[in-house]
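Everything below concerns the one structure shown next.
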Amino acid sequence: MITVDLRSDTVTKPTPGMLEAMWSAKVGDDVFGEDETVNALEQKAAEMFGMEAAIYCPSGTMTNQIAIKCFTQPLDELIADQTAHVYRYEGGGIAFNSGVSTRLLNGYRGLITAEMIASEINDENIHYPRTSLVVLENTVNKGGGSCYTLDHIKPIAELCEQRDLKLHLDGARIFNALAHTGDKAVDYGTYFDGISVCLSKGLGAPVGSVLLADKATIKYARRIRKVLGGGMRQAGFLAAAGIYALDHHVERLKIDHAHASILGEELAQCAWVTNVIPVETNIVLFDTLEPAAAVLAKLAEKGIKASSTDTHRIRFVTHLDVHAEGVEYVVEVVKSL
Ligand SMILES: *Cc1c(COP(=O)(O)O)cnc(C)c1O
Numbered sequence: 001m002i003t004v005d006l007r008s009d010t011v012t013k014p015t016p017g018m019l020e021a022m023w024s025a026k027v028g029d030d031v032f033g034e035d036e037t038v039n040a041l042e043q044k045a046a047e048m049f050g051m052e053a054a055i056y057c058p059s060g061t062m063t064n065q066i067a068i069k070c071f072t073q074p075l076d077e078l079i080a081d082q083t084a085h086v087y088r089y090e091g092g093g094i095a096f097n098s099g100v101s102t103r104l105l106n107g108y109r110g111l112i113t114a115e116m117i118a119s120e121i122n123d124e125n126i127h128y129p130r131t132s133l134v135v136l137e138n139t140v141n142k143g144g145g146s147c148y149t150l151d152h153i154k155p156i157a158e159l160c161e162q163r164d165l166k167l168h169l170d171g172a173r174i175f176n177a178l179a180h181t182g183d184k185a186v187d188y189g190t191y192f193d194g195i196s197v198c199l200s201k202g203l204g205a206p207v208g209s210v211l212l213a214d215k216a217t218i219k220y221a222r223r224i225r226k227v228l229g230g231g232m233r234q235a236g237f238l239a240a241a242g243i244y245a246l247d248h249h250v251e252r253l254k255i256d257h258a259h260a261s262i263l264g265e266e267l268a269q270c271a272w273v274t275n276v277i278p279v280e281t282n283i284v285l286f287d288t289l290e291p292a293a294a295v296l297a298k299l300a301e302k303g304i305k306a307s308s309t310d311t312h313r314i315r316f317v318t319h320l321d322v323h324a325e326g327v328e329y330v331v332e333v334v335k336s337l
């Protein structure tokens, strides 16, 4: 029996080429700014997105939380969709790290619009927290990999400019969004004050995320990273995996999307599946007649690992380590349930 792990795109292991790049990395003490591989990764990522500077961090949670800290003051409020990772899955860090409250919107699959944001910006009044930041997520994890296009983002960026709000992108899966929409990474820098990019999701690095912003923000971000305990020393061994991922694993995301699309189509034919959320990228969300836990147990017996996001909802995520044979096998199994 083969095993297929569809729980998350974080479960990938480094490829032989990536390991080779890690072994041979030139390193130094990054807290002194002397790790040339970390410096190269930061410069490469910033340039790709048309931003001035970048900082390498252990996780996407840290890059998001640092961005929120950089773009707000205590007593401020940020606006995000109610599904937002920064709100739901970062342990309450917005309040803990930044002393900021969160205004939640009800977007469509986690996607929010300028109109929705405009009506939730607080007026100048001492009763109200000061609205200072908007956070978008692209793709939206809990939305089932749903995507913003730049056309959708432009009016939001204009609103933020007019109302003096910062705009941050949780781009944990931004390359999946770019693969789907055809937008260019370099154009993102025009619209966002901060961009967080995960290297350890679909890109397949074992560890790491980068936060991109202007030079002054990144200078301050280095203080925040240090106080959070994220100042790493010879981190170039890990950053080398990030550079390798940006060079070799961006183009192939299309394969993950094609695999997710096949799974979505097959699931839609299954009598035990009541609904499949339209597949855009590498995440398939679907609802089940039986409780999700019962279905997950049957899948596990067949060597297929997945997760549930609700009592009757299951999530499949495709990635680098899910090959065509694995997808064929999952199709066979779901048809037989
Ligand atoms: C995974 C993820 C992150 C960051 O997660 P870490 O595990 O801390 O790297 C941030 N935002 C979204 C939408 C994610 O899916």
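Residue numbering for the sequence shown follows the UniProt record's numbering, starting at 1 and increasing by one per position.
Even for Gly, the Cβ is constructed at its ideal location relative to N, Cα and C.
The model shown is predicted, which means the values in this text are computed figures rather than measured ones.
| Check | Outcome |
| --- | --- |
| What does the Cβ neighbour count give for residue 413, buried or exposed, with the cut at 16 atoms within 10 Å? | Residue numbering for the chain in the displayed model covers 1 to 337; residue 413 lies beyond these limits and cannot be assessed. |
| Just to confirm, are residue 225 and residue 70 a CB contact at a threshold of 7 Å? | no |
| Along the chain, which unbroken stretches of the alpha helix (DSSP H) at least 4 residues long are found entirely within the segment 224-308? | 236-248, 253-268 and 292-301 |
| Roughly how many angstroms separate the alpha carbons of residue 335 and residue 308, rounded to a whole number? | 19 Å |
| Check whether the Cβ of residue 172 sits closer than 6 Å to any heavy atom of ligand 1, and report yes or no. | yes |
| Under three-state DSSP, which class holds residue 156? | helix |
| The alpha helix (DSSP H) spanning residue 118 covers which residue range? | 114-118 |
| Does residue 227 pass the burial test, meaning 16 or more other C-beta atoms within 10 Å, or should it be called exposed? | exposed |
| Return helix, strand or coil for residue 217, following the three-state DSSP convention. | helix |
| For the beta strand (DSSP E) containing residue 180, list its first residue and its last residue. | Looking at the DSSP string, residue 180 is not in any beta strand (DSSP E); the run it does join, the alpha helix (DSSP H), is 174-181. |
| Could you spell out where the beta strand (DSSP E) holding residue 41 opens and where it closes? | It is not in any beta strand (DSSP E) - residue 41 instead sits in the alpha helix (DSSP H) that spans 36-48. |
| For ligand 1, any of its heavy atoms closer than 6 Å to the Cβ of residue 60? | yes |
| Which residues in the same chain as residue 274 place their Cβ atom closer than 7 Å to its Cβ, once the five residues preceding and following it in sequence are excluded? | 287, 288 and 289 |
| Is the beta carbon of residue 74 less than 7 Å from the beta carbon of residue 114? | no |
| Cα-Cα, which of 320, 215, 128 and 276 is closest to residue 47? | 215 |
| With DSSP as the reference, label residue 57 as helix, strand or coil. | strand |
| At a cut of 8 Å, does the segment 197-206 reach the segment 313-322 through at least three beta carbon pairs? | yes |
| Kindly indicate which residue of 131, 178, 140 and 87 has the alpha-carbon position closest to the one of residue 161. | 131 |
| So, does the segment 188-202 touch the segment 60-67, judging by three or more C-beta pairs under 8 Å? | yes |
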